[in-house]
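Protein sequences appear in the order of chains A and B. 63 is the number that my numbering gives to position 63 of the first sequence; each next residue is one higher, with no gaps. 1031 is the number that my numbering gives to position 31 of the second sequence; each next residue is one higher, with no gaps. A quick write-up on the structure given underneath.
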Amino acid sequence: NAGVMQNPRHLVRRRGQEARLRCSPMKGHSHVYWYRQLPEEGLKFMVYLQKENIIDESGMPKERFSAEFPKEGPSILRIQQVVRGDSAAYFCASSPNDHEQYFGPGTRLTVT
Amino acid sequence: KNEVEQSPQNLTAQEGEFITINCSYSVGISALHWLQQHPGGGIVSLFMLSSGKKKHGRLIATINIQEKHSSLHITASHPRDSAVYICAVTSDKLIFGTGTRLQVFP
């Protein structure tokens, strides 16, 4: 059973471009969480999704950020019109039961 | 004040030393997690506990629900234990402490 997969591992975007981060949960896990770790800061919750539903997006910035977890395929975190302040590590975690979470390796986004 | 506080923020130790990292929280929780983040950045879940004590190899985690406090202990520390250790609590969502940076020197 492969662990949580995230790709790409590193992503470089120019200001104003779009960034798409993908997270494939562990097999059998229907809960997905996205977290952001800004440079020199701790992890912060962004959004919690179950298949086709956003359960809690209280940690998502109000503009430019969106997330989905379709019935088929990975969960996607999408950042439109990226700015330098979006540079961070974005971690995804999955869970079978909204309790124990298994983390992916993260995607490091650099905005130039 | 953060809802999850860790101490110390930084910790250095000589190989073989016994290490304790503390975590206090101020919210109601259903579980507490200890995570390890290596310099490469990946996060590994070490423990999830809601009461008592858990042991895995040289790592021991305890939690006191009444006092809202947890400790992570590392026995016979080794340089490969050097990492950031993060305490996180499950409230309505996962809330993270700021981490304890541990360096173990040979």
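Here a beta-carbon is modelled for each residue, glycine too, at the ideal position from N, C-alpha and C. This structure is a prediction, so every number in the text was calculated from the model and none was measured.
If residue i and residue j are in contact, beta carbons under 8 Å, what's the gap, nearest whole angstrom?
i                      : j                      : result
residue 1058 (chain B) : residue 1074 (chain B) : 6 Å
residue 1033 (chain B) : residue 1018 (chain B) : Not quite, the Cβ-Cβ distance comes to about 22 Å (not below 8 Å), so this is no contact.
residue 12 (chain A)   : residue 110 (chain A)  : 5 Å
residue 43 (chain A)   : residue 1096 (chain B) : 4 Å
residue 15 (chain A)   : residue 108 (chain A)  : The Cβ separation is near 17 Å, so there is no contact.
residue 1063 (chain B) : residue 1052 (chain B) : 7 Å
residue 1109 (chain B) : residue 1020 (chain B) : In this structure chain B extends from 1001 to 1106, so residue 1109 (chain B) is not present and cannot be described.
residue 1056 (chain B) : residue 1023 (chain B) : That pair is no contact at about 17 Å.
residue 52 (chain A)   : residue 27 (chain A)   : Not quite, the Cβ-Cβ distance comes to about 18 Å (not below 8 Å), so this is no contact.
residue 1086 (chain B) : residue 1049 (chain B) : That pair is no contact at about 15 Å.
residue 1045 (chain B) : residue 103 (chain A)  : 6 Å
residue 1027 (chain B) : residue 1003 (chain B) : 5 Å
Give the secondary structure of residue i by DSSP, where H, G and I count as helix, E and B as strand, and everything else as coil.
i                      : result
residue 20 (chain A)   : strand
residue 1080 (chain B) : helix
residue 84 (chain A)   : helix
residue 1029 (chain B) : coil
residue 1058 (chain B) : coil
residue 7 (chain A)    : strand
residue 1090 (chain B) : strand
residue 101 (chain A)  : coil
residue 1038 (chain B) : coil
residue 1100 (chain B) : strand
residue 51 (chain A)   : coil
residue 2 (chain A)    : coil
For residue i, which residues does DSSP report across the bridge?
i                      : result
residue 68 (chain A)   : A:76
residue 1005 (chain B) : B:1024
residue 110 (chain A)  : A:12
residue 1065 (chain B) : Answer by DSSP bridge pairing: none, since residue 1065 (chain B) is not bridged.
residue 1014 (chain B) : B:1105
residue 95 (chain A)   : A:31
residue 62 (chain A)   : Note: residue 62 (chain A) sits in no beta bridge, so no partner.
residue 1048 (chain B) : B:1033
residue 44 (chain A)   : A:36
Closer than 7 Å by beta-carbon distance: list the chain A residues that pair up with residue i, in chain order.
i                      : result
residue 1061 (chain B) : Residues of chain A passing the Cβ test: none, with the nearest at roughly 14 Å.
residue 1098 (chain B) : 42
residue 1031 (chain B) : 99
residue 1093 (chain B) : 45, 48 and 56
So which residues of chain B does residue i contact, with C-beta pairs closer than 7 Å?
i                     : result
residue 102 (chain A) : 1045
residue 89 (chain A)  : 1041
List, in order along the chain, the chain B residues whose C-beta lies closer than 9 Å to that of residue i?
i                     : result
residue 105 (chain A) : 1040, 1041, 1042 and 1043
Residue i versus chain A: which residues are under 9 Å apart at the beta carbon?
i                      : result
residue 1086 (chain B) : 42 and 43
Given 8 Å as the limit, is there contact between the segment 1088 to 1098 of chain B and the segment 52 to 60 of chain A, that is, 3 or more CB pairs closer than that?
Touching, per the Cβ criterion.
Inspect the CB distances between the segment 34 to 43 of chain A and the segment 84 to 96 of chain A and report whether three or more fall short of 8 Å.
Counting C-beta pairs with one atom in each stretch, the segment 34 to 43 of chain A and the segment 84 to 96 of chain A have three or more that are closer than 8 Å, which means they touch.
For the 8 Å Cβ check, are there 3 or more pairs between the segment 63 to 83 of chain A and the segment 1002 to 1017 of chain B?
Under the Cβ criterion (8 Å, minimum of three pairs), the segment 63 to 83 of chain A does not count as touching the segment 1002 to 1017 of chain B.
Using 8 Å as the threshold, is the segment 74 to 86 of chain A in touch with the segment 12 to 25 of chain A, meaning 3 or more CB pairs across them?
Verdict: yes, contact present.
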